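Each step along the sequence shown adds one to the number in the working numbering, with nothing skipped, and position 633 is 852.
Where a beta carbon is used, it is the ideal one built from N, C-alpha and C, also for glycine.
Please read these numbers as outputs of a predicted model, since none were measured by experiment.
One structure below.
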Amino acid sequence: MKHLYTLICFILISHMIYAQFPGGGSQATITGKITGTIIDSLTKKPVDYATISLSRSGQTKATNGTLADDKGSFKLENIKPGKYRLTLSFIGYNSKIIDPVETTGSKLDLNLGNIILSSNAKMLNEVTVTGEKSLVENKIDKIVYNAEKDVTISGGNSTDVLRKVPLLSVDYDGNLSLRGSSNVRVLINGKPSGVMAGNMADALKAIPADQIKSVEVITSPSAKYDAEGTSGIVNIITKKSNLEGISGSINAGVGTRQNSGNGNLNIKTGRLTVSGNAGGYASWPQTSILSFNKLSNDNSFSLSQSGQNETKRIATNGSLGADYDFNNYNSFSSSLKGNWFQFSTDGNNFNQNIFSGNNFSFNRDSYNKNKVIGYDWNNDFTHKFKKEGQEISFAFQLTNSNLKNDFNSDFIYPSGSNFRDSTEIGNSDAINKEKTFQVDYLQPFKRIVWEFGVKTILRDISNDSKVESQYIPFNGKTFVNPNRNYIYDYKQNVYAGYTTFGFTLAKKYGFKLGARYEATEIEGAATGTTIFTPFSNNYGNLTPSFVVSRSFKNFQTLKLSYNKRIARPSLFYLNPFRNSADPYNASQGNPSLKPEISDNYEFSYSTFVKTTIINAAIYYRNTKNIIESLVSNYQTEGNKVGSLTTYGNIGTNNSYGFNFFGSVNPIKPLTFRGNFNVNSYDINVNSQNATIASAAANKTYFVYSAFVSASYLFPKGFTFETFLITNSPRRTFQGKNPSFNMWNLGLKKDLFNKKGSIGINVIDPFNERKNFNSQISGASFTQNSNFSIPFRSVGVNFSWRFGSLKVSQKEKGVKNSDLKQGDQGGGGGLGTGNN
220 MKHLYTLICF ILISHMIYAQ FPGGGSQATI TGKITGTIID SLTKKPVDYA
270 TISLSRSGQT KATNGTLADD KGSFKLENIK PGKYRLTLSF IGYNSKIIDP
320 VETTGSKLDL NLGNIILSSN AKMLNEVTVT GEKSLVENKI DKIVYNAEKD
370 VTISGGNSTD VLRKVPLLSV DYDGNLSLRG SSNVRVLING KPSGVMAGNM
420 ADALKAIPAD QIKSVEVITS PSAKYDAEGT SGIVNIITKK SNLEGISGSI
470 NAGVGTRQNS GNGNLNIKTG RLTVSGNAGG YASWPQTSIL SFNKLSNDNS
520 FSLSQSGQNE TKRIATNGSL GADYDFNNYN SFSSSLKGNW FQFSTDGNNF
570 NQNIFSGNNF SFNRDSYNKN KVIGYDWNND FTHKFKKEGQ EISFAFQLTN
620 SNLKNDFNSD FIYPSGSNFR DSTEIGNSDA INKEKTFQVD YLQPFKRIVW
670 EFGVKTILRD ISNDSKVESQ YIPFNGKTFV NPNRNYIYDY KQNVYAGYTT
720 FGFTLAKKYG FKLGARYEAT EIEGAATGTT IFTPFSNNYG NLTPSFVVSR
770 SFKNFQTLKL SYNKRIARPS LFYLNPFRNS ADPYNASQGN PSLKPEISDN
820 YEFSYSTFVK TTIINAAIYY RNTKNIIESL VSNYQTEGNK VGSLTTYGNI
870 GTNNSYGFNF FGSVNPIKPL TFRGNFNVNS YDINVNSQNA TIASAAANKT
920 YFVYSAFVSA SYLFPKGFTF ETFLITNSPR RTFQGKNPSF NMWNLGLKKD
970 LFNKKGSIGI NVIDPFNERK NFNSQISGAS FTQNSNFSIP FRSVGVNFSW
1020 RFGSLKVSQK EKGVKNSDLK QGDQGGGGGL GTGNN
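Below, the structure written as structure tokens:
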């Protein structure tokens, strides 16, 4: 109740601030749009990328403008009723002027149909024009990577796309980081997805690259966003669209790594738009060769393992959505998205454990299967007022995800051993349910834009865990461990309110100020066991933010920003189920984790001069209660010594960093791009974890990631690209995870008048396999692991688009971005750490 009072006071204060600004009762203005399609007078084909400018009737000073797309179609929005002069021009054509063009209060939207441009023969003989949307866009508040323009990602998954996005890096296991921090929030079309509550690396691998339109990287989110993601937000935009008539696309790929396929269908008739898509992929079996060694500092025990695992992955996903515009002021949308994916590992390993002078050796045959089934149902209603830009929206989201883990391990001892052969069977069935309610209001004034909103997230997580053992000499009799058979219930409720103010001064300075208050209530309890103590915790967080920018000539911008972020642990980190498919390398979540809190400062410079884009930034991030994996010794059921990976709040991290991104076109067909990031890793370990920290803890390290690429547009629709990625080892307070590098080549040929394409991609042609080494140490042990996976791959892909012009879809929906999502690398009860 105390948090509710605080939230109400927060909203009332923001409302009183709103009341101090004049202009709230200014005259309402109704707006509409002007659309049309530009056609060549001789060929009757569309004229793509023509320039359209709009001015008052009888005048030449432009008040609005746009470019036609690759289908020759254009749309001018936010047009007030009146008479206008429309000018259409393109190199090689005679300009055309239409005056007057009139919109009225009774007919706000005007479709001009086909507009004919006649060619200028003299100019056509002198000029060759190529129109192409930029692969990377550097905007004031984010960087946008237009993945649909990338020829090397077809046939892959979303991790292949994210590896090429500026500021991002993806390691060997699919773990995503932003400027060196793994605490990054991932949204799909601006919305959260329930499947991300588990293992985010696996969830990202289940998204086909061919379904991704673009990726947005937001390093300084405003108070409107949930306070989650201490390093920032990554928003993956898929190819859902509003399309006039019937249109769609089909994509398919086959290769030595995986096979994939997906399709999109869009139908628009009148005020109703219906869209749907379905797709999936299946990987070929991948055999990994593993070795593991662990030694105590006093030589009292040692553990060695060697063997191989075969991993298979399969995933399907689909969505169905509908948008309906009741009139110019009211619209409703609803969408249902489903996901299903699983990966399984079938392994055989030899184990040798020496403890107190006794030698235990055995073979272990294991089968481990992880499966995720989930859906997200989003509903949005938006009302636009007559005053231009003023609107209120209501959103409701229902999310359900079911994360299942099943394992079966057979332990086979040498003849004459004192130990009996046995089988251990375990399963975990975790259900994550979320309900989200959200209201957002936007109010423009003469010189300022004010936003405020409220939000409620209700989470209910339940995990049913069972582990049974069977000993062969006892005719398969089952023994149940009561401490590993239980139901764990976890509830988390979040109540939030925010307000932001945006304005400009002297047309050079931009400001966006805001604050967000989030009240959190959590509780957890287990039935069927006494090993978990029931607990509850209530806390509140105020997270301010501001961005100040200064614009200069030649499209140069300086920006200074600050924001406070919070990261609550997701189900991946909380799930207490102990995955002991390998009892000597078990993993388990920690339901007692606290949220991370970070303060983020950034100073950046960006410029766009002719064909060159540059973005450089220095930043500082202070993170308290940072969550990392903890590796410690534990005693197995056979009184042997193994490794247990769990998670804990290990201390405070201070990180200083520098990031540079650049893109240049020295000649029209050729583009070079590069991205480099370096940041410090400086952990101050708290007293609770000092005993298990490595000798290298409480020191400063530097980690880096780099990306370079070159692409060339040949005549007749051929495009070639090659790129190289390299990431340094990833530090932890107990050691380091492997470095990663990759080389890729791709060639694409446009077909069917650019409505289709066929391409080939090659990954690391000279490296059949890659080796990855990890090193971890604690106060009493040191362990090293190595695994080798097949890496070289060749793939062929095909795409085909059909139907009429595509128009961008309205971005709607709930954005739950308040959870820290799980890495792939060990622990968390549901992951196995296998690639």
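Roughly how far, in whole angstroms, is the beta-carbon of Arg892 from the beta-carbon of Val922, given that I think they are within contact range, below 8 angstroms? Locating residue 892 in the sequence shown gives position 673, counting from the first residue. Locating residue 922 in the sequence shown gives position 703, counting from the first residue. Rounded, the Cβ-Cβ distance is 22 angstroms, inconsistent with contact.
Quick check: what's the CA-CA separation for Glu940 versus Ser1018? By 1-based counting over the sequence shown, the position of residue 940 is 721. By 1-based counting over the sequence shown, the position of residue 1018 is 799. In a straight line, the C-alpha of Glu940 is about 18 angstroms away from that of Ser1018.
What span of residues does the alpha helix (DSSP H) with Leu354 cover, start to end? Position 135 of the sequence shown, counted from the first residue, corresponds to residue 354. No alpha helix (DSSP H) holds Leu354; DSSP gives it neither H nor E.
Taking the alpha-carbon positions, what's the Phe638 to Asp625 distance? Position 419 of the sequence shown, counting from 1, holds the residue named residue 638. Position 406 of the sequence shown, counting from 1, holds the residue named residue 625. Each residue's Cα considered, the two are about 25 angstroms apart.
Integer-rounded CB distance, given that Asn496 should sit under 8 angstroms from Ile456: Residue numbering aside, residue 456 sits at position 237 when the sequence shown is read from its first letter. Residue numbering aside, residue 496 sits at position 277 when the sequence shown is read from its first letter. About 13 angstroms separates the two Cβ atoms, so there is no contact after all.
Take Gln780 as the anchor and find which of Gly743, Asn773, Ile837, Arg797 has the nearest alpha-carbon. Here residue 780 refers to the residue found at position 561 of the sequence shown. The sequence as given places Ser at residue 780; Gln does not occur at that position. Minimum Cα distance to Ser780 is reached at Ile837.
Below 8 angstroms, how does it come out for the region 744-759 and the region 782-790: are there three or more Cβ pairs, yes or no? no
When you compare each of Leu539, Leu307, Lys674 to Asp595 by their alpha carbons, which one comes out closest? In the sequence shown, residue 595 corresponds to position 376, counting from 1. The shortest Cα separation from Asp595 among Leu539, Leu307, Lys674 belongs to Leu539.
With H, G and I counted as helix, E and B as strand and the rest as coil, what does DSSP make of Gly451? By 1-based counting over the sequence shown, the position of residue 451 is 232. If DSSP states are grouped into helix, strand and coil, Gly451 belongs with the strands.
Count the other CB atoms within 10 Å of the CB of Asn804; is the residue buried (16 or more) or exposed (fewer)? Position 585 of the sequence shown, counted from the first residue, corresponds to residue 804. Looking at its Cβ environment, which holds 16 or more other Cβ atoms inside 10 Å, Asn804 is buried.
Boundaries (first-last residue) of the alpha helix (DSSP H) holding Leu381: Here the question's residue 381 lines up with position 162 in the sequence shown. Note, Leu381: alpha helix (DSSP H), 377-381.
Just tell me which of Gly593, Ser553, Gly645 has its CA closest to the CA of Ser559. In the sequence shown, residue 559 corresponds to position 340, counting from 1. For clarity, residue 559 is Trp in the given sequence; the question names Ser instead. Nearest of Gly593, Ser553, Gly645 to Trp559, Cα basis: Gly593.
DSSP three-state label for Asp328, please. Along the sequence shown, one-based indexing puts residue 328 at 109. In the structure shown, Asp328 sits in coil (DSSP, three-state: anything other than H, G, I, E or B).
Helix, strand or coil at Asp565 [DSSP, three-state]: For the purposes of this step, residue 565 is identified with residue 346 of the sequence shown, where counting begins at 1. Three-state DSSP puts Asp565 in a strand.
Span of the beta strand (DSSP E), counted from its first residue to its last, around Asp969: As a position in the sequence shown, residue 969 is number 750, starting the count at 1. Here the beta strand (DSSP E) through Asp969 covers 959-970.
State the start and end residues of the unbroken beta strand (DSSP E) segment that holds Gln657. For the purposes of this step, residue 657 is taken as the residue at position 438 of the sequence shown. Where Gln657 is concerned, the enclosing beta strand (DSSP E) stretches over 641-663.
Top-ranked residue by Cα proximity to Ile469, from Lys974, Gly1014, Lys294: As a working note, residue 469 is residue 250 in the sequence shown. Per the Cα distances, Lys974.
Hey, quick one: how far does the beta strand (DSSP E) through Gln775 stretch, first residue to last? Working through the sequence shown from its first residue, we reach residue 775 at position 556. Counting along the chain, the beta strand (DSSP E) containing Gln775 begins and ends at 775-788.
Return the first residue and the last residue of the beta strand (DSSP E) that Trp1019 is part of. Along the sequence shown, one-based indexing puts residue 1019 at 800. Looking at the DSSP string, the run of the beta strand (DSSP E) that includes Trp1019 is 1012-1022.
Could you pull out every residue in the same chain whose Cβ sits closer than 6 angstroms to the Cβ of Leu484, ignoring the five residues on either side in sequence? Taking the first residue of the sequence shown as 1, we reach residue 484 at position 265. Taken in chain order, the residues that qualify are Gly467, Gly495.
Return the residue from the list Val436, Val493, Ser441 that minimises the CA-CA distance to Gly464. As a first step, residue 464 is located in the sequence shown; it is residue number 245 there, counting from the start. Comparing Cα positions, the closest option is Val493.
Would you identify the three-state DSSP class for Gln953, choosing helix, strand or coil? Start at 1 with the first residue of the sequence shown, and residue 953 comes out as number 734. Coil.
Taking Asp517 as the reference, which of Ser768, Phe574, Ile644, Ser825 has the closest Cα? Looking up residue 517 in the sequence shown gives position 298. Selected option, being the one with the closest Cα: Phe574.
Three-state secondary structure assigned by DSSP to Tyr594: Counting from one through the sequence shown, the residue named residue 594 turns up at place 375. Tyr594: strand per DSSP, three-state reduction.
Residue burial classification, Gly1050 (beta-carbon count within 10 angstroms, cutoff 16): Locating residue 1050 in the sequence shown gives position 831, where the first residue counts as 1. Here the model assigns Gly1050 a pLDDT of 30, short of 50, so the residue's position is not dependable, and the following value carries that caveat. Classification for Gly1050: buried.
Same chain, Cβ closer than 6 angstroms to Leu761, five either side skipped, listed in chain order: Against the sequence shown, residue 761 aligns to sequence position 542. Tyr736, listed in sequence order.
Taking contact to mean at least 3 C-beta pairs separated by less than 8 angstroms, is the region 977-995 in contact with the region 824-833? no
Any 3 or more C-beta pairs closer than 8 angstroms across the region 698-712 and the region 765-784: no
Is it a yes or a no for the region 300-308 touching the region 269-280, going by three-plus beta-carbon pairs under 8 angstroms? yes
Own chain residues within Cβ distance below 7 angstroms of Pro265, not counting five before or after: Within the sequence shown, the letter at position 46 stands for residue 265. Excluding positions up to five away in sequence, the list reads Thr256, Ile257, Ile258, Lys290, Gly291.
Do the region 534-552 and the region 505-515 make contact, defined as three or more Cβ pairs closer than 8 angstroms? no
Residue range of the beta strand (DSSP E) that Asp901 falls in? As a first step, residue 901 is located in the sequence shown; it is residue number 682 there, counting from the start. Asp901 -> beta strand (DSSP E) spans 889-904.
Candidates Thr262, Leu336, Asn297: which alpha carbon is nearest Thr270's? On the sequence shown, position 51 is the one that residue 270 refers to. Comparing Cα-Cα distances from Thr270 to each of Thr262, Leu336, Asn297, the minimum goes to Leu336.
I'd like the span of the beta strand (DSSP E) that includes Gly1068, first residue to last. Not covered by the structure: residue 1068. The range shown for the chain is 220 to 1054.
Helix, strand or coil: how does DSSP classify Asn908 here? One-based indexing of the sequence shown puts residue 908 at position 689. Helix.
Would you report the Cα separation of Gly489 and Arg678, rounded to the nearest angstrom? For the purposes of this step, residue 489 is identified with residue 270 of the sequence shown, where counting begins at 1. For the purposes of this step, residue 678 is identified with residue 459 of the sequence shown, where counting begins at 1. C-alpha separation (whole angstroms): 38 angstroms.
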